[in-house]
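Below is one structure, written out as structure tokens; the observations come after it.
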Amino acid sequence: MPDTVHVLNGPNLNLLGTREPEVYGRTTLADLEAACRASCERHGLDLVFRQTNHEGELVTLLQQARGSLGVVLNAAAYTHTSVALGDAIKAVGLHVVEVHLSNVFAREPFRHHSYISPVARGVICGLGIDGYRLAIDALAASRNS
Ligand code: DQA
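Just so we're aligned, residue 90 is where the sequence shown starts under this note's numbering, counting upward by one.
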């Protein structure tokens, strides 16, 4: 579906709103989905929004996004550990925008490395849920490039 954006969320993001609110804010995953849906609607795009706590499931969801306009991916902790996710992004050849709610570079050193950044079209971090909106804007803009 070339007019569909997939927003994929990794482990513990189902707890948004109550999980370390001083780091991740008080927005829930449902609020985030609603914000992403509104952004997609503004661009005339369909949205597939998913969250999983399982690494292999994220790989499957990336594979299932083939044929779409692109993916907004917050792989959460798997960002820093998952060779499989980096390989999957290369394999599917999709535009993937890596997003993090927090500024991972202002946090612990183990969060400074990403297996996704080298194969992502772009990276947005530290802007909270606005990062997702900006990533959707970027994918929408890529329709004309
Ligand atoms: C995160 C940052 C990761 O380091 C962390 O493991 C997360 C969330 C973020 O959105 O800021 O779970 O991806």
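By construction, the Cβ of each residue, glycine as well, lies at the ideal position given by its N, Cα and C atoms.
A quick note: this is a predicted structure, and the numbers were derived from the prediction, not measured.
Residue(s) in a DSSP beta bridge with arginine 108: For the purposes of this step, residue 108 is identified with residue 19 of the sequence shown, where counting begins at 1. DSSP output for arginine 108 lists no bridge partner at all.
Same chain only: Cβ atoms within 7 Å of valine 212, ignoring 5 sequence neighbours per side: To locate residue 212, count along the sequence shown from 1; it is residue 123. Once the five neighbours on either side are set aside, the close Cβ partners of valine 212 are Glu187, Ser206.
Buried versus exposed call for arginine 232 [16 or more other C-beta atoms within 10 Å across all chains shown]: By one-based count along the sequence shown, residue 232 stands at place 143. When all chains shown are included, arginine 232 counts as exposed.
Range covered by the beta strand (DSSP E) that runs through valine 160: For the purposes of this step, residue 160 is taken as the residue at position 71 of the sequence shown. 159 to 163 is the span of the beta strand (DSSP E), which, as asked, contains valine 160.
Per-residue DSSP class, three states only, for asparagine 98: Along the sequence shown, read from residue 1 onward, the residue named residue 98 stands at position 9. Here asparagine 98 sits in strand by DSSP.
Contacts around glycine 133, its chain only, beta-carbon distance under 8 Å, and the 5 residues preceding and following it disregarded: As a position in the sequence shown, residue 133 is number 44, starting the count at 1. Answer for glycine 133: Asp92, listed in chain order.
Serine 203: CB within 6 Å of a non-hydrogen atom of ligand 1: What you label residue 203 is simply residue 114 of the sequence shown in a count that begins at 1. No, the Cβ of serine 203 stays beyond 6 Å of every heavy atom of ligand 1.
Secondary structure of glutamate 197, DSSP reduced to three states: Residue numbering aside, residue 197 sits at position 108 when the sequence shown is read from its first letter. Coil, per DSSP.
C-alpha gap between glutamate 122 and tyrosine 221, whole angstroms: Position 33 of the sequence shown, counted from the first residue, corresponds to residue 122. Position 132 of the sequence shown, counted from the first residue, corresponds to residue 221. Whole-angstrom Cα-Cα distance: 10 Å.
Exposed unless 16 or more other CB atoms sit within 10 angstroms - verdict on serine 128: Residue numbering aside, residue 128 sits at position 39 when the sequence shown is read from its first letter. Classification of serine 128: buried, given that the 10 Å Cβ count is 16 or more.
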